[in-house]
Each structure stands twice: as structure tokens, then as C-alpha cells.
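> The structure's right below; bear with me while I get my questions together.
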Amino acid sequence: MKKKTRIAALVCAGLSPCVMAQSIEGTVLTQSGKPLVGASVELEGSNIATKTDENGKFVFSNVRQGNNEIHISAEGFSHLHEDVQISGSQSVTRTFTASRSPIEVIDVTASPIHLSSMESAMPVSVLGGERLRRQQSATLGDSLEKLAGVHSSFHAKVASTPVIRGLSGPRVLITQNGLDVSDVSRVGPDHAVAGEAATAQQIEVLRGPSTLFYGSGAIGGVVNIVDTRVPTNGDTQGEWLVEHSSVDDQKLASFNATSGVGSFAFYADGFVRDSNDYEVPVAPELAHDDHHHEDEHEHDETHDESGDFTVGNSSEESNGFTLGTSYLFEQGYVGVSVEQFNREYGIPGHSHGDEEGHDHGHDHGDETEGESGHGGDVFADLEQTRVQLLSEMRFDDSILAGINVRAGFTDYEHAEIEGGVAGTTFENTTYELRLELLHQPFMDFNGGISFHYKNSDVAAEGSEAFTPPSETEMFAVAVMEERHFGDVLLQLGGRIERVTMNADRLLLPMLDAHPHDDEHGDEGHDHDHDHDHDHGGDGSITRTFFADHEFTPVSLSIGAVWDFMPGYNAAVSFSRSQRAPSASELLSFGPHIGTRSYEIGALFALEDHNGESEIGLTDEIIDLETANNIDLTLRKTQEDVGFIFNVFYNEVDNYYYQTNTGLFADDGHNHGGDDGHDHGGHDHGDDGHDDHSGELPVYIFQTDDVVLHGFEAQVAWQVTDEFNATFFSDLVRARLKDGGDLPRTPPVRFGTQFSYENNRISAHLDITRYQSQDKIADFETETDGYTLVDLAVSYDLPVWNNALSVYLNARNLTDTEARVHTSFLKDIAPRPGRNFSIGLKGYF
-2 MKKKTRIAAL VCAGLSPCVM AQSIEGTVLT QSGKPLVGAS VELEGSNIAT KTDENGKFVF
58 SNVRQGNNEI HISAEGFSHL HEDVQISGSQ SVTRTFTASR SPIEVIDVTA SPIHLSSMES
118 AMPVSVLGGE RLRRQQSATL GDSLEKLAGV HSSFHAKVAS TPVIRGLSGP RVLITQNGLD
178 VSDVSRVGPD HAVAGEAATA QQIEVLRGPS TLFYGSGAIG GVVNIVDTRV PTNGDTQGEW
238 LVEHSSVDDQ KLASFNATSG VGSFAFYADG FVRDSNDYEV PVAPELAHDD HHHEDEHEHD
298 ETHDESGDFT VGNSSEESNG FTLGTSYLFE QGYVGVSVEQ FNREYGIPGH SHGDEEGHDH
358 GHDHGDETEG ESGHGGDVFA DLEQTRVQLL SEMRFDDSIL AGINVRAGFT DYEHAEIEGG
418 VAGTTFENTT YELRLELLHQ PFMDFNGGIS FHYKNSDVAA EGSEAFTPPS ETEMFAVAVM
478 EERHFGDVLL QLGGRIERVT MNADRLLLPM LDAHPHDDEH GDEGHDHDHD HDHDHGGDGS
538 ITRTFFADHE FTPVSLSIGA VWDFMPGYNA AVSFSRSQRA PSASELLSFG PHIGTRSYEI
598 GALFALEDHN GESEIGLTDE IIDLETANNI DLTLRKTQED VGFIFNVFYN EVDNYYYQTN
658 TGLFADDGHN HGGDDGHDHG GHDHGDDGHD DHSGELPVYI FQTDDVVLHG FEAQVAWQVT
718 DEFNATFFSD LVRARLKDGG DLPRTPPVRF GTQFSYENNR ISAHLDITRY QSQDKIADFE
778 TETDGYTLVD LAVSYDLPVW NNALSVYLNA RNLTDTEARV HTSFLKDIAP RPGRNFSIGL
838 KGYF
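-2 is the number of the first residue of the sequence shown in the working numbering; add one for each residue after it.
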């Protein structure tokens, strides 16, 4: 019995939950000595939080003895950390002074421990509030592309995904409230993200390896869409918006609302968007003098009634709604939400057969599917149902400080419709569970342990199902800790995973892959291969086999933030992250018209037999991709001028990427009637001749060692209380260690934003310069630079307590031809021309 008593005493001494103090009484002031009203004050590592009153005061009762970390945040001010020492049962009275920040500081929900954009060793950006509403677009990539270090794949405005520091696809994880969106957007750039910015509260971008939080799929970064679909309070509040855009006749309406009764809170949101083909200032098809034909891609560009050019088959319809509820109790909450998301959009450059005279999607909402204005165009019909369970609980008198639970189920289907028939269907069923156990401060460390499970069953069927059905399962354990040593914040983490990938029916077909300068060039493309879901007709399969791979990625990270003088901090972060290759990188074998290529996975190899190219199974070891990354950051967070400078160096071993083989293969369609369509727009430069119509350049996944390095810079100057000027720039160089450049690397970019805000009016002028990109891979072409000018003006109407605003957004004011180097469709789908959007939004 005495032994147990001694053990209990040691536990109390180490975890410090046993002796309680009376209170901490504080006053938060501005630098001018005025009370800071409504500031959020939190006792880190506990469930204790409050807001300051009209005198800037707050009180925390029953505070533990020892060191207590107070965190204070308020809009327009730098976050403030202060240590308060408590001994015995004393009460402590303190005054805190908050400093104004010209750079917006927003807390990040993606981390189980406290994190903000100005206090993390890892570079973080957050897009929220009015800035999110100004920049939101129909796609996630286009909504985020003004953030430093983030670009867009810009797949003709219909399916654009984020590119973070030159990385995208399976290396950038997209989540919603911390759970995988579980679509197929990481398989190909023509697949839209099943997430919506119009109903989001904020979008968080973690640049660089973020595998500790989310797993090996986040080796390049994370984009987390945050909403309140599982409400954490019962306050009645919400917002709504209606908008119309000129460049594509887009109509948008959205809302979200929260309310509550007693201990129950309720949430609802919804949106609807409809747009036609978008206008561009020049002919969409980029002419190449050596192989351009007047009739080439005639159905990929049209003229509207005013004579302007449009990108054919770039219309879209989207709608969705979410219902959520939660039970609120003293220690936290537990809730569930259900979302239905639908999106129908054209796939430019993905058409077959005779399509002259079709309307390319205008007013297609009034027609039946089989008779729609899509005509011979191919369009995607996306449906997703997502269920999420979220819970957070905090404890004061336990070894555990908190328990966070996130669970999700997603049922996704994506059909590509051609001629009214679903030619290819993608399905993804995902189950995911994250359990985070946070401990009480132990030796002044805050943190905990995370358990993470995810199972994804992905299937594709149809003529362009370039990846076979497969199942991927992941289980991981991660530890994250942080501690203040005076002015230095130390952050540590480690994660180990077990990833299994199974595909029980893989086919190795015969493939007639040939260059265009041999005898095949004179024979046209009369190759007897029908690449359906089985990748070949009868007699064309040389081997059937199964794949069963198991990987154990391990990731480690250490970082530190040093507040070396008031208002300044420097950060350094080292990480070693590993990633298991995705199913599409390993198992692909077939035509992918959305990227205008014939894709072959790393499980296969290109062999030369007596001058003939053949595809067989590789003898190479299928291994993990390993990234060794260092980030250096310098920040100034206070006074009238603030800045953030990031420099990064990322060395990736065994990097999986596609390389152009210089060969071509049949796209699997019957081209009895030649449509003159150039299916090989991968910058190979030789596929424009009529006798090669219906052929695609062959790309094969291979591994190599690469280096990515660059910088992000942001400087903000609060000139007056109403006027702010912000300057930014970013650069990434992505190259092979043995020489050469990676394809579709973003160019150097720099720009500025001038903002004016008073009680009723806000105006923002953005000028962004994209330099030309001449650091290109084989078979890739250079891209010219361009400058974009955007303007946003909003006026708060003097009704409903100024909770109603009318706004006008103008993008690409100079109507500039702008082709995106990171886009697979840069030669046929430039950015939209001059666009005016007018809207009305309200808050309650």
C-alpha cells in the first residue's frame, strides 16, 4: 500500500494535476494602453479558454501549480505566449500587451497541438475570412494559387488541384476537417477535388512534408478544408452569398448556418454553381509552326455570339449540401455530419468522333443526359457521399489532457460520359479513423500520441480505366511533442506506418508502342488493339498476375522556433519522410485522355528487343520514396512592417515520376472517321499529322533522385490604419541529381496587393507577374510569362447592422493571354479572359 502511495505521489509531481491554485487574473491591452476586447485567451494543454470583456479582463480559476502557458490571439494582432508560474495556492494578476500585426495570423486546426502561421517551425499558410471569399473559385487549386508557394494545375478551370513547391498528385494530401477527401483527384489532373471552398470557414496549407499529421501521402504538403459541419457551439450564426460571373456566365449561391437548442447544436450548408464554357482572349489552341493545321482541334475551341473565343467543353454544374449535429457537454463535444456532393463538368481535349456543331455544354442543364449539349464531348459526372464523426474532449483531473476522435466514411463515384454512355467509371470507398490521445504537461512537454487507420478500395472500369482495381490499407502510430525552453519552442515528432497494396487481377497486354519516325508513321494507326478495361482484346494479353506489396514508411521531424527579440522569430525544421508509391504510380497501364498520354506504371519496364520496344515486368525493386527536407524561416510579426521569409531544400531519393518515352500508342478508340483531333498534346511536337490521329505519347513511371529547392517571401506594410501594402514572391527549382529538369515546374512569381479598408468600403488590387519558364524536361515546351491584374471592391450596406455587402470582383483586367506551365492542357486551355463577378453576401 505504501508503495502505491509513493507511485501516486510521483505521478502527481510529474504531471502536476494534483495541486490546484485559485486563479490567474489578467488584463489584455493594446500597445496604446487600450483594453483589447474579445481577445481569445487559452490555457494551453487544458480545456480552459475564455474571451476578454469590455475592459480587456479575463479570469482562470482552479489553475494548476507550476508553469502555465497562456496563449492570447485577436484579429489584427500577433499571437502572444506568456508563461505564468504558480506556486502553492496563490492567485496571480498579470497584464499582457498585444502588438498589432500587418500580416494576418490564424490558428491552424490541422495539428493536434497548437499551431499558427507565425509560430510554427513548419511553414504554414491559412486562407480564411473575407480573403477566402474574394479568392474562392470553382476549383480548389484556383482558390489557393495566390498563396506563396502554392500554384494551380489549372486543368481548364474544371478540375484544378494545388501544386505545393512544385509537388502535386499523390504527394499533396487534400483533407476536410483532417480526414482524406477520398476522391480520385490524386490519380489524374482531370479529376476534380470533391471539396468546396464556398462553404468553408478557412483552408489551411502546410508546405513541406506533413507526414507526422497525415501520413506518407502528405510528403509534399497538406491542404485542409475546414468547416463547422460538426458544430462546436450552439450560437446562431451563418452567412450566405449569391454571385454572377461574366466570363463563363457562372451563377453561384451558397450558405452555411449554425444554431442550437440546449446541449444540441445543428449545422446546415449548401451550394449550387452553374457555368458555361469560358471565354479566352485568344484562340485556345497554341499553334506550333512545325505541325499546326488549320482544322486541328476545331472542336476544342468555339466562338460565342460576340465573336470571342471560348474553351470548348469547359462548362460545369455543381451542387451539394451538408447536415450536421453535435452534443455539447462540459468537457467537449461529439457530433456527426452527412454530405452529398455532386459535380458534372466537361473534360477539354477528351472528345472523339464527329463533334462539329455541338454546343459544348451551354444550357445543358435543360436537357436530358442522352440529348445534352455535350453532344460528342466527354464530361465527368461525380457523386460523393461523406459521413464524418468528430469529437474532442478535454480533462483537467486525469493523466490525459484530451481525446480527439475523427472518423469518416466516403462513397465516391466518378463516371466519364461519352455519347450518353458511361465509358469509364472510377469508384473509391474509404474508411478512416484517427484517434489522438493528448497528455497533461509532462516535464513541461505538451503533446500526445496518434493512431491512424485508413482503408481505400479503388476500382476503375471502362475503355480508359488505366489503373486496375486495388485496395490500399494503412495503419500508423505517431508521436508529437513540443516544449518551450525560454524563448525557444522545440517541436518533435515521429511516425511509423504499415501500408499494404493489393491488386488481384493485373494484365500485361501486348502494346504496339512505336516512334513516329519509323515505318509505323507511314502505316497510320491501323493497330488491332482495343484497350478496354482488360487492356486488350482476345489474344492480346501476354500475362495475368497479382500484386501484393507491403511498405513500412518511417518519418521523423525536429524543429525549433526562437523568439530572439520582441516581434521577431527564426525557425528551423528538419524532416525525413518516406512515402509508399500509389497504386496509379505502380499499376497504371492504358490511355489517360485527360492528360493526353498513354500511362504505364513503375511495375512495368520498357525493353528493347532487336530494335522493337516491348513492355514487360520490371526487375527493379519497388521501394519507398524518401525525402530529406530542411526549412529555414525568418519572421517579423509586429509593428507596421512584418515579413515572412522561407528557404527550403528537399532532397528526394527514389522519386517516382513520369518520363516521355518518345513512343506512341493507340488511344483505344475506333477512329474510323478521322476527326483531326490531336490527342498527343504532351509537347512532343510530332503528333499533329493526320495519319497519327488517335495516338497518344507513351509515358512510363520511373524513379530517380531529385532535388527541389527555393524560397517564399512575403512583406506586409500597414501604411495607415486603412491602407496595407503586401509584396510576395516564390521560386522552386526541381531537377534531377544527374542532370535535367522535372516537368511542369512552376515559374518564378512575384506580385503585390494594395488594400484599403474602412468602416464600409474595402478595395484590393492584386498585380501578379509569372515569369517565363525555360527550365523544362525532354519533350516539354517553354511557356511565356504574363502579368495578371485583379481588383476586388466591397461595400457594406447600412442595413442589418452592416451585415449585408455588395461586391464586384474583376480578374485578368487586362485580358491577357496566360498559359499555365503546370497544366497538362496549356496548349489548348489558357486562363480565362477578363472576368467581372458581382455578388451579394450577408452574415447573421
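Each residue gets a CB set at the ideal place from its N, CA and C atoms; glycine is no exception.
A quick note: this is a predicted structure, and the numbers were derived from the prediction, not measured.
1. Can you grab the Cα-Cα spacing for the pair Ser834 / Ala789, in whole Å?
2. Name the DSSP beta bridge partners of Gln385, please?
3. With DSSP as the reference, label Thr615 as helix, strand or coil.
4. Count the other CB atoms, across all protein chains shown, that sit within 10 Å of the CB of Glu777; report buried if there are 16 or more and exposed otherwise.
5. For Gln575, which option in Gly445, Ser213 and Ala194 has the closest C-alpha, if you only look at C-alpha atoms?
6. Does DSSP classify Phe210 as helix, strand or coil?
7. Would you call the stretch 273 to 282 and the stretch 212 to 227 touching, i.e. three or more CB-CB distances under 8 Å?
8. My assumption, with CB atoms under 8 Å, is that Tyr646 sits in contact with Glu622. Please give the rounded CB distance.
9. Find out if the Cβ-Cβ distance for the pair Phe914, Asn310 is shorter than 8 Å.
10. Let me make sure I understand the geometry here. Which of Thr464, Glu429 and Phe442 has the alpha-carbon closest to that of Thr421?
11. Going along the chain, which unbroken runs of the alpha helix (DSSP H) with 4 or more residues stay wholly within the stretch 105 to 189?
12. Using a Cβ-Cβ cut-off of 8 Å (strictly less than) and excluding sequence neighbours within five positions of Leu26, which residues of its own chain qualify?
13. Indicate whether Asp224 and Gln247 have their beta-carbon atoms separated by less than 8 Å.
14. May I have the straight-line CA-CA distance separating Glu617 from Ala456, to the nearest angstrom?
15. Could you have a look at Leu583 and say whether DSSP puts it in helix, strand or coil?
16. My assumption, with CB atoms under 8 Å, is that Val695 sits in contact with Ala510. Please give the rounded CB distance.
17. Pull up the distance between the alpha-carbon of Gln132 and that of Glu609, whole angstroms please.
18. Within 8 Å, do at least three Cβ pairs link the stretch 132 to 142 to the stretch 106 to 120?
19. Give me the residue from Val155, Val160, Ile200 and Val81 with the minimum Cα distance to Gly146.
20. Could you say which of Ala557, Ser70, Gln655 and Ile69 lies nearest to Gly490 if we only look at CA atoms?
21. Please identify the residue among Leu583, Asp393 and Tyr767 whose C-alpha is closest to the C-alpha of Thr784.
22. With a cut-off of 8 Å on the beta carbons, I'd call Arg831 and Leu810 a contact; round off their distance for me.
23. For Asn59, does the three-state DSSP call read helix, strand or coil?
24. Quick check on Asn64: does DSSP put it in helix, strand or coil?
25. Is Gly354 helix, strand or coil when you go by DSSP?
26. Can you look up Thr464 in the DSSP assignment and give me helix, strand or coil?
27. Report all residues from its chain with a CB closer than 8 Å to the CB of Thr365; omit the five preceding and five following residues, and keep chain order.
28. Could you check if Leu614 is buried or exposed, using at least 16 other CB atoms within 10 Å of its CB as the buried criterion?
29. Starting from the Cα of Thr469, find the closest Cα among Thr229, Ser579 and Glu478 and give me that residue.
30. Thinking C-beta only, is Pro109 closer than 8 Å to Ser447?
31. Drop a sphere of 10 angstroms on the beta-carbon of Ala800, count the other beta-carbons inside from all chains shown, and report buried for 16 or more, exposed for fewer.
32. If we ignore side chains and look at the alpha-carbon of each, how far apart do Leu508 and Thr172 end up?
33. Taking the alpha-carbon positions, what's the His78 to Pro99 distance?
34. What first and last residue would you give for the beta strand (DSSP E) that runs through Asp628?
35. So does the stretch 389 to 408 actually touch the stretch 323 to 342, counting three or more Cβ pairs closer than 8 Å?
36. Rounded to a whole number of angstroms, what is the C-alpha to C-alpha distance between Asn755 and Asp702?
From the atom records:
1. Counted from its first residue, the sequence shown places residue 834 at position 837. Counted from its first residue, the sequence shown places residue 789 at position 792. Each residue's alpha carbon lies about 9 Å from the other.
2. By 1-based counting over the sequence shown, the position of residue 385 is 388. Partner(s): Ser334 and Gly405.
3. Counted from its first residue, the sequence shown places residue 615 at position 618. The answer is coil: DSSP assigns Thr615 none of H, G, I, E or B.
4. Taking the sequence shown and counting its residues from 1, the one referred to as residue 777 is at position 780. Looking at its Cβ environment, which holds 16 or more other Cβ atoms inside 10 Å, Glu777 is buried.
5. Residue 575 sits at position 578 when you count from the first residue of the sequence shown. Per the Cα distances, Ser213.
6. Against the sequence shown, residue 210 aligns to sequence position 213. Helix.
7. no
8. Here residue 646 corresponds to residue number 649 of the sequence shown, with the count starting at 1. Here residue 622 corresponds to residue number 625 of the sequence shown, with the count starting at 1. In fact, because the Cβ distance is near 17 Å, the residues do not count as touching under 8 Å.
9. Since the displayed the chain opens at -2 and closes at 841, residue 914 lies outside it and no answer follows.
10. Within the sequence shown, residue 421 is the residue found at index 424, counting from 1. Measuring from the Cα of Thr421, the nearest candidate turns out to be Thr464.
11. 126 to 132 and 137 to 141
12. Locating residue 26 in the sequence shown gives position 29, where the first residue counts as 1. The answer, listed in chain order, is Pro32, Leu33, Gly53, Thr92, Phe93, Thr94 and Ala95.
13. Counting from one through the sequence shown, the residue named residue 224 turns up at place 227. Counting from one through the sequence shown, the residue named residue 247 turns up at place 250. Not in contact: Asp224 and Gln247 (Cβ atoms no closer than 8 Å).
14. Here residue 617 is taken as the residue at index 620 of the sequence shown, counted from 1. Here residue 456 is taken as the residue at index 459 of the sequence shown, counted from 1. If you take the alpha carbons of Glu617 and Ala456, they lie about 26 Å apart.
15. Locating residue 583 in the sequence shown gives position 586, where the first residue counts as 1. Looking at Leu583 - three-state DSSP - the assignment turns out to be helix.
16. To locate residue 695, count along the sequence shown from 1; it is residue 698. To locate residue 510, count along the sequence shown from 1; it is residue 513. At roughly 5 Å, the Cβ-Cβ gap stays under 8 Å, so Val695 and Ala510 are in contact.
17. As a first step, residue 132 must be located in the sequence shown, where it is residue number 135. As a first step, residue 609 must be located in the sequence shown, where it is residue number 612. Whole-angstrom Cα-Cα distance: 51 Å.
18. no
19. Counted from its first residue, the sequence shown places residue 146 at position 149. The residue with the shortest Cα to Cα distance from Gly146 is Val160.
20. As a position in the sequence shown, residue 490 is number 493, starting the count at 1. Measuring from the Cα of Gly490, the nearest candidate turns out to be Ala557.
21. For this step, residue 784 is matched to residue 787 along the sequence shown. Cα-wise, what sits closest to Thr784 is Tyr767.
22. Position 834 of the sequence shown, counted from the start, is the residue given in the question as residue 831. Position 813 of the sequence shown, counted from the start, is the residue given in the question as residue 810. The Cβ separation is near 6 Å, so the contact holds.
23. Position 62 of the sequence shown, counted from the start, is the residue given in the question as residue 59. Coil, per DSSP.
24. Numbered from its first residue, the sequence shown carries residue 64 at position 67. Of the three classes helix, strand and coil, the one that applies to Asn64 here is strand, per DSSP.
25. In the sequence shown, residue 354 corresponds to position 357, counting from 1. Residue placement at Gly354 cannot be trusted, given a pLDDT of 35 that sits under 50; what the coordinates show is reported in the next sentence. Of the three classes helix, strand and coil, the one that applies to Gly354 here is coil, per DSSP.
26. By one-based count along the sequence shown, residue 464 stands at place 467. Of the three classes helix, strand and coil, the one that applies to Thr464 here is coil, per DSSP.
27. As a working mapping, residue 365 is identified with position 368 in the sequence shown. In this predicted model, Thr365 has a pLDDT of only 36, less than 50, meaning its place in the structure is not dependable enough to derive any value.
28. On the sequence shown, residue 614 is found 617 positions in, with the first residue counted as 1. Burial call: exposed.
29. The residue you call residue 469 lines up with position 472 of the sequence shown. When each option's Cα is compared against that of Thr469, the closest is Ser579.
30. Mapped onto the sequence shown, residue 447 falls at position 450. Mapped onto the sequence shown, residue 109 falls at position 112. Closer than 8 Å, so yes.
31. Translated into the one-based positions of the sequence shown, residue 800 becomes position 803. The residue in question, Ala800, is exposed, as its Cβ has fewer than 16 Cβ neighbours within 10 Å.
32. Numbered from 1 along the sequence shown, position 511 holds the residue referred to as residue 508. Numbered from 1 along the sequence shown, position 175 holds the residue referred to as residue 172. Their Cα atoms are separated by approximately 38 Å.
33. If you number the sequence shown from 1, residue 78 lands on position 81. If you number the sequence shown from 1, residue 99 lands on position 102. Each residue's Cα considered, the two are about 18 Å apart.
34. Residue mapping note: residue 628 aligns to position 631 of the sequence shown, counting from 1. Asp628 -> beta strand (DSSP E) spans Glu622 to Lys633.
35. yes
36. Counting from 1 along the sequence shown, the entry for residue 755 is found at position 758. Counting from 1 along the sequence shown, the entry for residue 702 is found at position 705. Distance between the alpha carbons of Asn755 and Asp702: 52 Å.
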